[in-house]
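Structure, as structure tokens:
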Amino acid sequence: PLLAEHISDYMAKTLFHTSLLYLSATEHKAEIAQFCSNVEMCRLTEQVIFSDPYMLAPNNRWTSPYLDEDAKAVREDNQLKMEVAELKSKFCEKTQALIHGDLHTGSVMVTSSST
204 PLLAEHISDY MAKTLFHTSL LYLSATEHKA EIAQFCSNVE MCRLTEQVIF SDPYMLAPNN
264 RWTSPYLDED AKAVREDNQL KMEVAELKSK FCEKTQALIH GDLHTGSVMV TSSST
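For any residue, its number in my numbering is found by taking its place in the sequence shown, counting from 1, and adding 203.
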């Protein structure tokens, strides 16, 4: 029951305190240098989030044949792919805050009284 409040508070604090809204340009660049030197992890994030879902790729999985038409629709939606390309450009070129590239339900521990 506390997940939404806890995760939104955590993300807001993390994103703000690692952004140029809080840090000086020098501090921000130092943080980027420290945490963004893992080029392979950045490449993998770009691939898994901004490339593979929109094409046939070895790691893509879906419930076939039930989602075949939906997967095909995503692959053939050029407007969607253009919008995703814009997001990828922002992700790659405009570092505004340090984010965890793998924040999903499997990486958050939750109980009925804590997160």
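C-beta atoms are modelled at their ideal positions from N, C-alpha and C, and glycine is treated no differently.
Burial is judged here by how many other beta carbons sit within 10 angstroms of a residue's own beta carbon; His231 has at least 16 and is buried.
Contact between Ser222 and Gln299 holds, since their C-beta atoms are separated by about 6 Å, short of 8 Å. In this model, Asp280 and Lys297 are separated by some 25 Å (Cα to Cα).
Ala274 and Trp265 have their alpha carbons spaced roughly 8 Å apart. Here Pro256 really is in contact with Val277; their C-beta atoms are around 7 Å apart, less than 8 Å.
Rounded to whole angstroms, Tyr269 and Met258 show a C-alpha spacing of 18 Å. Between the alpha carbons of Thr217 and Ile210 lies a distance of about 10 Å.
The beta carbon of Leu205 sits closer than 6 Å to the beta carbons of Thr318 from its chain, once the five residues preceding and following it are set aside; these are given in chain order. Apart from sequence neighbours up to five positions away, the residues of its chain that approach Ile235 with a beta-carbon distance below 6 Å are Thr298, ordered along the chain.
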